[in-house]
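Reviewing the structure listed below.
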Amino acid sequence: MGHRKHMQPDAATAGSARADAETVAAPCTPPAAPRRRSLAHRVREQMEEYIRSGQWQVGQRIPPEPELIRHFGVSHNTLREAVQGLIHAGMLMARPGDGTYVTAADRLDAALAHRLQQADLSRILEARLAIEKAVVALAAQNRNDEDLDRMQEALQRCKQREGDGIEADMAFHTCVAAATRNPILCQIYRVIARYLSQHFTSTLRERQYEPEALALHDELLSAMRRRDADAARRIIEKIVAFDARDLPGA
1 MGHRKHMQPD AATAGSARAD AETVAAPCTP PAAPRRRSLA HRVREQMEEY IRSGQWQVGQ
61 RIPPEPELIR HFGVSHNTLR EAVQGLIHAG MLMARPGDGT YVTAADRLDA ALAHRLQQAD
121 LSRILEARLA IEKAVVALAA QNRNDEDLDR MQEALQRCKQ REGDGIEADM AFHTCVAAAT
181 RNPILCQIYR VIARYLSQHF TSTLRERQYE PEALALHDEL LSAMRRRDAD AARRIIEKIV
241 AFDARDLPGA
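Taken in order, the sequence shown gives residues 1 to 250; the numbers are from UniProt numbering.
See below:
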């Protein structure tokens with residue numbers, strides 16, 4: 001019975017304890033690979049909790065591999081298996097030479113983000129345009145004065161070149177989406193916008209500051225003020241076309 005108690009290793013001594021258990025009671029000991037997958041599953045669950053709780057936020061780069069290996073007390077292979085599981089689920093995205101980023105905060109976001117990763121860019125841009133047109137039309141009808149103030153503040157940050165142009169642009173469009181009072185549209189828009197910004201950061205960053213882009217956003221805000229849904233749809237078509245210029249594969 002003493003040997004059976006010894007067969008319950010913690011993560012730090014799993015390797016040596018496993019070898020001992022396999023020698024003393026091999027029939028009762030699971031193979032090494034399933035044991036490692038179980039540990040990887042626990043690491044994955046902990047990482048998923050960091051994302052759900054907001055400790056790791058959408059758009060944020062997670063800590064590098066060596067730091068995570070020390071933090072969880074696991075091997076390189078176990079950590080990589082856990083990370084790959086979240087990448088496959090659409091909650092993380094690896095950017096070669098840069099790191100791994102959080103792409104979704106919950107499973108619904110993750111499912112959509114995972115679908116986007118498998119889709120052609122042209123299809124994603126089509127979906128974005130259809131959703132954006134619905135968003136701006138509904139926002140023009142449902143917006144209130146507080147919504148307009150938030151849109152104006154976000155647009156002003158773009159004009160003053162405060163911070164990252166992509167984040168400021170996303171803040172503006174997120175304010176527009178919030179003005180729809182439709183949480184489903186807001187969530188779908190947020191996932192698509194975040195996906196595009198993460199994949200084409202270098203192409204889009206300076207684009208947000210170009211005079212033509214700023215003028216189009218001014219026009220959109222004016223349409224919001226007038227509650228002109230038709231004008232808002234026409235303007236957002238121009239904005240989406242402008243953003244799509246020079247995108248690889250567009």
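For each residue, glycine too, the CB sits at the ideal point set by N, CA and C.
- For the pair ILE184 and ARG128, the CB atoms are not nearer than the 7 angstroms cut-off.
- Within the model, the alpha-carbon separation for ILE239 versus GLU153 is close to 19 angstroms.
- When C-alpha distances from GLY73 are compared across ALA215, ARG161, LEU39, the shortest belongs to LEU39.
- Going by beta carbons, ALA232 and ALA140 fall inside the 7 angstroms limit.
- Inclusion of MET91 and TYR101 in the CB contact set at 7 angstroms is not warranted, their separation being larger than that value.
- Collapsing the DSSP output to three states places MET93 in a strand.
- Contact annotation: LEU138 and THR180 have beta-carbon atoms nearer than 7 angstroms.
- In the three-state reduction of the DSSP assignment, GLY73 falls in the coil class, being assigned neither a helical nor a strand state.
- Inclusion of TYR189 and VAL135 in the CB contact set at 7 angstroms is warranted, their separation being smaller than that value.
- At the C-beta level, LEU79 and ILE87 stay beyond 7 angstroms of one another.
- Annotation: VAL102 is outside any alpha helix (DSSP H); the continuous beta strand (DSSP E) that includes it extends over 99-102.
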